[in-house]
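Per this note's numbering, the very first residue in the sequence shown carries number 11; after that it's consecutive.
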Amino acid sequence: MNLLKEKMMKYDAPQKFKAAGIYPYFRVIESDQDTEVVINGKKVLMFGSNAYLGLTNHPKVKEAAVEATQK
């Protein structure tokens, strides 16, 4: 097993925090990625990802991604 994989297997801090009910790192996004998302049933502005500019669902960006994968 390579060193990186070995270290990844040992990293269990998020699971321990989640089991203790104190999981501050990630929130479940209940909607599509966009400038606004739904978290815990509330609509909030998204500044924590590359979606804050609204490019995630932009038709030209999607088209470019499809073209790039077809090459």
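Glycine is no exception: its CB is placed at the ideal position from the N, C-alpha and C atoms.
With distances taken between CB atoms, is the gap from residue i to residue j smaller than 8 Å?
i: Gln43; j: Thr66; result: yes
i: Phe27; j: Tyr21; result: no
First and last residue of the beta strand (DSSP E) that includes residue i?
i: Leu55; result: Lys52 to Leu55
i: Val47; result: Glu46 to Ile49
To the nearest angstrom, how far is the alpha carbon of residue i from that of residue j?
i: Ser59; j: Val71; result: 16 Å
i: Ser41; j: Tyr62; result: 14 Å
i: Asn50; j: Phe36; result: 12 Å
Which residue from the options puts its Cα closest to that of residue i?
i: Val38; options: Ala30, Met18 and Val48; result: Val48
Mind checking which residues open and close the alpha helix (DSSP H) that includes residue i?
i: Leu140; result: No answer is possible for residue 140: it lies beyond the span of the chain, which begins at 11 and ends at 81.
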